[in-house]
Amino acid sequence: MLDLRLIRSDPDAVREGLARRGDVDPGAVDALLALDAERRGATEAAETLRARQKEDARAIAAAQNAGEDAGAAIAAARELATEVKLRTAQAADADRRLLASLALLPNIPDPTAAPADEVIREVGEVPVLDFSPQDHLALAGARVDMERGARLSGSRFAYLRGDLVFLELALVQWTLRKLERHGFEPVVPPVLVREEALYGTGFLPDTEQQIYHLPADELYLAGTSEVALASLHAGEILAAATLPRRYAGFSPCFRREAGTAGRDTRGIFRVHQFDKVEMFSFVHPDESAAEHERLLAIEEEILTELRIPYRVVNIGVDDLGASAAKKYDCEAWLPGQGQYRELTSTSNTTDFQARRLNVRFREATGRPAVVHTLNGTAVAVGRTLIALTENGQRADGSVVLPEVLAAHGAPRRLEPLD
RNA sequence: GGAGGGGUGGCAGAGCGGCUGAAUGCGCCAGUCUUGAAAACUGGAGUGGGUUCACGCCCACCGCGGGUUCGAAUCCCGCCCCCUCCGCCA
C-alpha cells in the first residue's frame, strides 16, 4: 500500500512513478485525492458532532447528580445521537472506500528498476558437451515419478524418490546453515494462512487465480513462505536497534498454475507443490537498497557454489507484481532445455507490504515509521534439482553432484537407472 | 468433537453505565541527591486520525466487528484467540 501522505504531498511524483508501470489507470491518483478530501470532510463533520454529544452527556450527568430534571436535555441528546450515528457512518464509509482504492494501487517502481527485462551479467561456464544433453527427467528416471504423482493428485504433481530425497535434504540443510551464518534465523512457518496475510503481502487482490483456497476453513495454501514470514511481525513496533531482522523460511509452496496449461509440462519445472528456502528481511528504510543487493549476492553465492551457470536479470517494471519496487531474477542455464530459466528471484517491496501489515520501527526518540521488507529465494528445491542434474550430467547418463552437499548427506553421484 | 474459564497500557493487575486513555505495582526515560552507583524522592512516558504557522485543541482505540443507551472498558449479539477438563489423534 502506498503512503497516503506522499500521495497528498507530492501527487506528481506518485503519478509519474506509477505511470512507468503499464497496469495503472492514469486517473487513479486524482480519484484517490478526491476520496481523501471527501473522507476528511466527513470525518471532521462527524467528530465535531461527536464532541458536542459528549459534552451534552456530561451536562446531563451533572444535572442528574444535582437532582435536576434532565428530561428535556435527554430528548435533545436523543436527536443529536441520531445525527452523530449518521455522520459517523458516512465518515466510516468514506474511509473504507478510500482504503479499498488505495489497496488496489501497486508499489511505485524504484528508479533503477529496468524499463524492460535487462540482463546484467552472466556468471559461470555454460558446459560444452560432446554429447547430446538429456533433461532432468531422463537423468532422474524413476526418482522423479510423474506418472504415479499424476495418478495420486493429477498433473503437475510428482513423487521424489530415492537418492533425490537425500539430495533435497542436503541442499536444504546446507542452505539453512549458510543463511544462519549470514544472520538469518531459520523458520518453519505455517503454510495454511488467513486471507489477511495474503492481502498484507500484496498477493490479494492481485494473484487470486494462482492461490489454493480452502473455503471450508477460510484458509489459503501459501505459494511461498514469504507470506508467513512477512506476517511474523505484523502489527508490531520494532526497536530500530533490532533491525535488520532476517529470516530463512523452509516450507512447501503451493501454486495452482491456472492459465499455464501446456506450458512447462515435462518434469518438475512447473508443479503445484515444491519445497523452498526463502530469505526475508525487515530493514530500516535507508538500508533496503543495500539489503536487496545483499540478498542477490547470497543467491549468486549459492548458485556459484553449486556450480550452476546463471545470469542475473533486472526485471522490467511491467513484470514487477503489485508489491515489488524492484526485482532481480537469477536464471540458471538448463542444458536439457538449452536456455536460461528462472531459478531464484529477489524483490525489494520497500514499505508496500510493511504498511499493509503494519510493521513499524522506532528510533530511541521520535514517532514510529514503517519498515522496509525484502524477500529472496535461497533455494527453490525442484528447480535447483533440475539445474544440478542437467549441469552435472556425463555422457553415460550419470550425474556428478557438488562436493559441498556431500557433507550434508547428499550422494556424490546419481547413477543412471535403466 | 463435548464441557467450562478468560482476553485491559512493556509486564502484572484494578476498574458501581457518567471528566477512566484508564487506579496500583514492577519495569522504562529524565531530573534531584551522590565522587560514582544503588536506594529514596520528583517528573515523564501509548497508537492512529483530524485541525493549527505554532502552542494547542478535537476524535477514535481496553482482542475484532456489530447493537442497546443521552452516555459503554463496563450491558447484549457474532467472530477471533488463549487456558482447563473429557474424547480423538501424527
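Residue numbers for the first sequence follow this note's numbering, so the first one is 463 and each next one is one higher. Just so it is clear, CB atoms sit at the ideal spot from N, CA and C, and this is done for glycine as well.
At which residues does the beta strand (DSSP E) containing Met741 begin and terminate? Taken as a continuous stretch (DSSP letters only), the beta strand (DSSP E) holding Met741 covers 735 to 745.
Where are the beta strand (DSSP E) runs, 3 residues long or more, that stay fully inside the stretch 759 to 811, in chain order? The qualifying runs are 772 to 776, 788 to 796, 801 to 810.
Output needed for Gly603: all residues of its chain with C-beta closer than 6 Å, excluding positions within five of it in sequence on either side, in chain order. The beta carbon of Gly603 sits closer than 6 Å to those of Leu879, all from its chain and outside the five residues before and after it, given in chain order.
Please return the same chain residues whose Cβ sits closer than 8 Å to the Cβ of Ala543, not counting the five positions on each side in sequence. Taken in chain order, the residues that qualify are Gln515.
Using 8 Å as the cut-off, can you tell me whether the stretch 646 to 655 makes contact with the stretch 677 to 693, which would need three or more C-beta pairs spanning the two stretches below that distance? Yes: at least three Cβ pairs fall under 8 Å.
Report all residues from its chain with a CB closer than 6 Å to the CB of Arg708; omit the five preceding and five following residues, and keep chain order. Gly645, Phe646, Ser743, listed in sequence order.
Following the continuous alpha helix (DSSP H) through Asn853, name the residue where it begins and the one where it ends. Note, Asn853: alpha helix (DSSP H), 843 to 853.
I need the straight-line Cα distance from Asp607 to Gly783, nearest angstrom please. So the two alpha carbons sit approximately 33 Å from each other.
Check each candidate in Leu464, Thr835, Asp518 and name the one with the smallest Cα separation from Leu754. With the sequence shown as reference, residue 754 is identified as His, and Leu is not the correct amino acid for it. Of the candidates Leu464, Thr835, Asp518, the one whose C-alpha sits nearest the C-alpha of His754 is Thr835.
Own chain residues within Cβ distance below 7 Å of Leu631, not counting five before or after: Closer than 7 Å at Cβ, skipping near neighbours: Gly871.
Boundaries (first-last residue) of the beta strand (DSSP E) holding Ala710: For Ala710, the enclosing beta strand (DSSP E) begins and ends at 707 to 716.
Continuous alpha helix (DSSP H) assignments of at least 4 residues falling wholly in the stretch 564 to 597: Entirely contained in the stretch 564 to 597, not one alpha helix (DSSP H) run reaches 4 residues.
Would you say Phe814 and Ala842 are within 9 Å of each other, going by their C-beta atoms? Between Phe814 and Ala842, the C-beta spacing is not below 9 Å.
Would you be able to state if there are at least three C-beta pairs under 8 Å between the stretch 673 to 682 and the stretch 693 to 705? The answer is no - the stretch 673 to 682 does not touch the stretch 693 to 705, with fewer than three Cβ pairs under 8 Å.
For Ala490, collect the residues of the same chain with a Cβ closer than 8 Å to its Cβ; drop the 5 residues on either side in sequence, then sort them by chain order. A distance below 8 Å between beta-carbons, with the five flanking residues on each side excluded, links Ala490 to the following residues of its chain, in chain order: Leu480, Ser563, Leu566, Leu567.
When you compare each of Gly729, Asp487, Leu819 to Ala659 by their alpha carbons, which one comes out closest? In this structure, Leu819 is the residue among Gly729, Asp487, Leu819 with its C-alpha nearest to the C-alpha of Ala659.
DSSP beta-bridge partners for Ile699? Bridge partners of Ile699: Arg822.
Ends of the alpha helix (DSSP H) at Glu509? Glu509 -> alpha helix (DSSP H) spans 490 to 527.
Cβ neighbours of Trp795 in the same chain (closer than 6 Å, five flanking residues each side left out): For Trp795, where only same-chain residues beyond five positions count, the Cβ hits under 6 Å are Val588, Pro771, Tyr802.
Secondary structure at Val866, three-state DSSP: helix, strand or coil? DSSP places Val866 in helix when its eight states are reduced to three.
Pop quiz: His598 and Gly729 are said to be a contact at Cβ under 8 Å. What is the actual Cβ separation, rounded to whole angstroms? With a Cβ gap of about 6 Å, His598 and Gly729 count as contacting.
Just the C-alpha distance for Ala551 and Gly484, rounded to the nearest angstrom, thanks. Taking the Cα positions, Ala551 is about 36 Å away from Gly484.
How would you label Asp791, buried or exposed, when you count the other beta carbons within 10 angstroms and need 16 or more for buried? Result: buried.
Just to confirm, are Ala840 and Glu740 a CB contact at a threshold of 9 Å? Inclusion of Ala840 and Glu740 in the CB contact set at 9 Å is warranted, their separation being smaller than that value.
Return the CA-CA distance between Pro571 and Asp472, expressed in angstroms with no decimal places. Cα to Cα, the separation comes out at about 16 Å.
Of all the options Gln635, Arg756, Glu609, which has the alpha carbon lying nearest to the alpha carbon of Ala868? Among Gln635, Arg756, Glu609, the Cα nearest to that of Ala868 is on Gln635.
Return yes when the Cβ of Asp555 is within less than 9 Å of the Cβ of Ala499, no when it is not. In this structure, Asp555 does not lie closer than 9 Å to Ala499 by Cβ.
By DSSP, does Leu403 sit in helix, in strand, or in coil? A question about residue 403 goes unanswered here, because the residues of the chain that appear run from 463 up to 880.
Euclidean distance between Cα positions of Leu466 and Asn837: Straight-line spacing of the CA atoms in Leu466 and Asn837 works out to 24 Å.
Give every residue of the same chain whose Cβ lies closer than 6 Å to the Cβ of Ser785, excluding the five residues on either side of it in the sequence, and list them in chain order. Within its own chain, the residues whose Cβ lies closer than 6 Å to the Cβ of Ser785, once the five positions on either side in sequence are excluded, are Asn569, Gly664, Thr811, Phe814, Gln815, listed in chain order.
Go through its chain and collect everything with a Cβ distance to Tyr674's Cβ below 7 Å, but skip five positions before and after it. The beta carbon of Tyr674 lies closer than 7 Å to those of Tyr682, Leu683, Phe716, Arg718 in the same chain, with the five residues before and after it left out.
Secondary structure of His754, DSSP reduced to three states: It is helical.
Within this structure, are the beta carbons of Asp579 and Ile848 separated by less than 9 Å? Taking 9 Å as the Cβ cut-off, Asp579 and Ile848 do not qualify as a contacting pair.
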